[in-house]
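K.L.:
Numbering (full-length UniProt numbering), first residue to last: 1 to 106. We put the CB at the ideal spot given by N, CA and C, even for glycine. Mind looking over this structure? Questions follow.
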C-alpha cells in the first residue's frame, strides 16, 4: 500500500493530516508539493491536502472531483468542518483500500 499526500506550499492543513495518519497507521506517507493547476490535474489533487491511497483519493467519492491547488477542508462524522478527516474516517478509508469487499458493508 502506498500513501501520498499532495499539498500546496505552506499548507496549514498538511501537519494535521500527517499527524492523523500517524495516529492510525505505521505505513509511511510520502508528501508531494504541487504548485500548478496542471500538476494538480495530472496527479488527481482536489485541493490541499489531498490523500491518495494507492493513487486513489478515498475522500473524493461523491464530489465533483475538480482538480485544483485550492485549500481543501473535510467534514467529520458530526458534519463539522475540519482540516483533516477523523481517525475513524482514515481507518475506514484504509480498510476499504485493503479490503474492497468492506466498502460494500460500510
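Taking the straight line between their C-alpha atoms, what separation do you get for residue 52 and residue 88?
P.N.:
Rounded to whole angstroms, residue 52 to residue 88 spans 17 Å at the Cα level.
K.L.:
Excluding sequence positions up to five away, which residues of its chain have a Cβ less than 8 Å from the Cβ of residue 3?
P.N.:
Closer than 8 Å at the Cβ level, and outside the excluded window around residue 3, lie 21, 25, 27, 28, 29, 30, 51, 52, 53.
K.L.:
Counting C-beta neighbours from all protein chains within 10 Å, is the total for residue 13 16 or more, i.e. buried, or is it exposed?
P.N.:
With 16 or more other Cβ atoms within 10 Å, it is buried.
K.L.:
Are there 16 or more other CB atoms within 10 angstroms of the CB of residue 60, so buried, or fewer, so exposed?
P.N.:
Counting Cβ neighbours within 10 Å, residue 60 comes out buried, since at least 16 surround it.
K.L.:
Starting from residue 56, follow its DSSP beta bridges and name the residues at the other end.
P.N.:
According to DSSP, residue 56 bridges with 53.
K.L.:
In this structure, what does DSSP give as the bridge partners for residue 2?
P.N.:
Answer by DSSP bridge pairing: none, since residue 2 is not bridged.
K.L.:
Measuring only the C-alpha atoms, how far is residue 73 from residue 83?
P.N.:
Taking the straight line joining both Cα atoms gives about 5 Å.
K.L.:
Any idea what DSSP makes of residue 15, helix, strand or coil?
P.N.:
The answer is helix: DSSP assigns residue 15 an H, G or I state.
K.L.:
For residue 29, list the residues DSSP reports as bridge partners.
P.N.:
BP columns for residue 29 point to 3.
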